[in-house]
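Note sheet for the following structure.
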Amino acid sequence: MSSQPRHVLVIGGGVIGIGCAHYLQQAGFRVSVAEKGTIGGACSHGNCGFVCPSHVLPLAEPGAVSSALKALLNPNGAFRIRPRLDPRLWSWLLKFARRCNHNDMVSAGHAIQPLLTSSLSLYQDLMRFASLECEWQKKGLLFVYRDHRALEAYEPVNSLLTSEFQESARRMNAAELLEFEPALKDNVAGAWYYEHDAHLRPDRLLASWRAFLEKKGVQFFERHELLGLEKADSQATSAKFAEQSIEADTFVVATGAWTPQLSEILGIRLPIEPGKGYSLTLPRSESDPQTPIMFPEYRVAVTPMQTSLRLGSIMEFAGYDSRLNQRRLRMLSASASQFMKQPLPTKINEEWFGWRPMTYDSVPIIGESPQFSNVILATGHNMLGLSMSTGTGKLVSELIAGQEPHLDPTPYSPHRFC
Ligand SMILES: Cc1cc2nc3c(=O)[nH]c(=O)nc-3n(C[C@H](O)[C@H](O)[C@H](O)COP(=O)(O)OP(=O)(O)OC[C@H]3O[C@@H](n4cnc5c(N)ncnc54)[C@H](O)[C@@H]3O)c2cc1C
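Residue 0 is where the sequence shown starts when you use numbering that gives the first Met the number 0, and the numbers rise one by one after that.
Quick look at the structure:
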């Protein structure tokens, strides 16, 4: 037995790759991270920053197809599909549509929940242990409604969340809500409040986490795009980049929405579609809300971070189109403005989009690759990658170390697509 620690190369430096690097380093591995752009520069950069165990229920829910069709007819709606002849997209959408039923929704919820719960608890440990400067706050999350019927219609969802997932929200009427969150206009009907959710500033999380890991000896290689894997038998031996080849004992592929582009290298095509979302980051002002808010009727989120206010939303299936659509960005501020007592600042600090790695079953893909026994996939975290990063990282480190996993990895297995 060599006395050298085993080397793990993580490919992809988003929040999932960094979460994996953290727990692998803690478990005693020598860890490197190779990233084709910059660490934390992709979908993990400008997202809404919610660490939200409340989001147990997946996007594929009963009625999602009809709401999506209605939203498609509204050019300012939060859901868009760029119509195109792409058999993979249509196959993905068809499989997604088939899962929009009660049983599949609940079963996806049961798959997602352990990762969400474990991640929140691990984040809390991480904030104590590593003191990451990322504006971490635990203030809960409000679901605010303007329409009384829509507020009422959430009651059965809350009952289901309570009975199946022990995740319940406190209902607030308009007067209670306005006392709790005076930044809102008085045209609101009320809200549901999830008090256990937390939030942070994702770009600062990634920057401070990277600095923390660098001090622990983790090596980072930016502008390193994976071009191939050298193999011997059913094992990968080294990863090829234009700049160099890097040998490792184990490889973790955490390449988010780009994972399908690595199909040939990985020997498996994973059903991941890029789900494009947008955010606007505004300067902080005294009239901002204190608590993060979702406006479900408009599908827009507002996150009051300590140094900025972020508006985010939209699910656009437009392939890897990297244009920043101004109409979508304007829709974010137009929707949020309808709820805010004071006008939003006109100055904008950042306009952003990111590609969420969307699986049609809403469940991430974590586990051994079907082709190589020493390649572990950690991808497909849909709309909740930030909320699942620490649990994913710990699980990946346990799988690689051959330890008893802290949660059942079966639902995340890549083999479900073989
Ligand atoms: C508008 C919006 C709001 C969101 N809000 C939230 C939220 O509030 N809470 C939450 O939990 N989630 C949220 N999400 C989802 C979350 O951002 C994603 O699930 C998460 O960032 C995915 O992380 P990742 O590490 O898998 O992907 P990424 O951050 O995209 O990282 C993947 C990395 O792999 C690299 N890569 C790809 N191919 C290669 C290659 N060949 N070689 C080397 N590197 C490669 C990429 O450059 C990239 O940096 C939101 C997303 C959007 C768009």
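Backbone N, C-alpha and C define an ideal beta-carbon position, used for all residues, glycine too.
Please read all numbers here as calculations on a predicted model, not as lab measurements.
Proximity of the beta carbon of Arg-415 to ligand 1 is not indicated: no heavy atom of the ligand is located closer than 6 Å. The Cβ neighbour count for Ala-317, taken over all protein chains shown within 10 Å, is at least 16; the residue is labelled buried.
In the DSSP secondary-structure assignment, Glu-315 is bridged to Arg-79 and Lys-275. Here Arg-355 carries a strand assignment [DSSP, helix/strand/coil].
A distance below 8 Å between beta-carbons, with the five flanking residues on each side excluded, links Arg-81 to the following residues of its chain, in chain order: Glu-315, Phe-316, Ala-317, Gly-318 and Asp-320. Between Glu-163 and Val-217, the gap from beta carbon to beta carbon reaches 7 Å or more.
A distance criterion of 6 Å places the beta-carbon of Glu-224 in contact range of ligand 1, judged by its closest non-hydrogen atom. For Met-126, the secondary structure class from DSSP, reduced to helix, strand or coil, is helix. Pairwise C-beta distances place the segment 249 to 268 in contact with the segment 345 to 360, as three or more of them are shorter than 8 Å. The three-state reading of DSSP puts Met-382 in coil, since its state is none of H, G, I, E or B.
Inside the segment 138 to 211, DSSP marks whole alpha helix (DSSP H) runs of 4 or more residues at positions 147 to 152, 154 to 164 and 173 to 179, from first to last along the chain. Of the candidates Ala-41, Ile-10, Asp-232 and Ser-396, the residue whose Cα lies closest to the Cα of Phe-371 is Asp-232.
By the Cβ test, the segment 105 to 123 is not in contact with the segment 61 to 80, since fewer than three Cβ pairs between them sit closer than 8 Å.
Shown here, Val-32 sits in a strand according to DSSP, grouped into three states. Across the structure, Lys-137 and Pro-86 are spaced so that their CA atoms are roughly 43 Å apart.
Residue side-chain check: Ala-41 places its Cβ nearer than 6 Å to a non-hydrogen atom of ligand 1. In the displayed model, Leu-406 falls within coil according to three-state DSSP, outside both helix and strand. A check of alpha carbon separations from Val-55 across Leu-394, Leu-343, Ser-386 and Thr-290 identifies Ser-386 as the nearest. Where Glu-263 is concerned, the enclosing alpha helix (DSSP H) starts and stops at 262 to 265.
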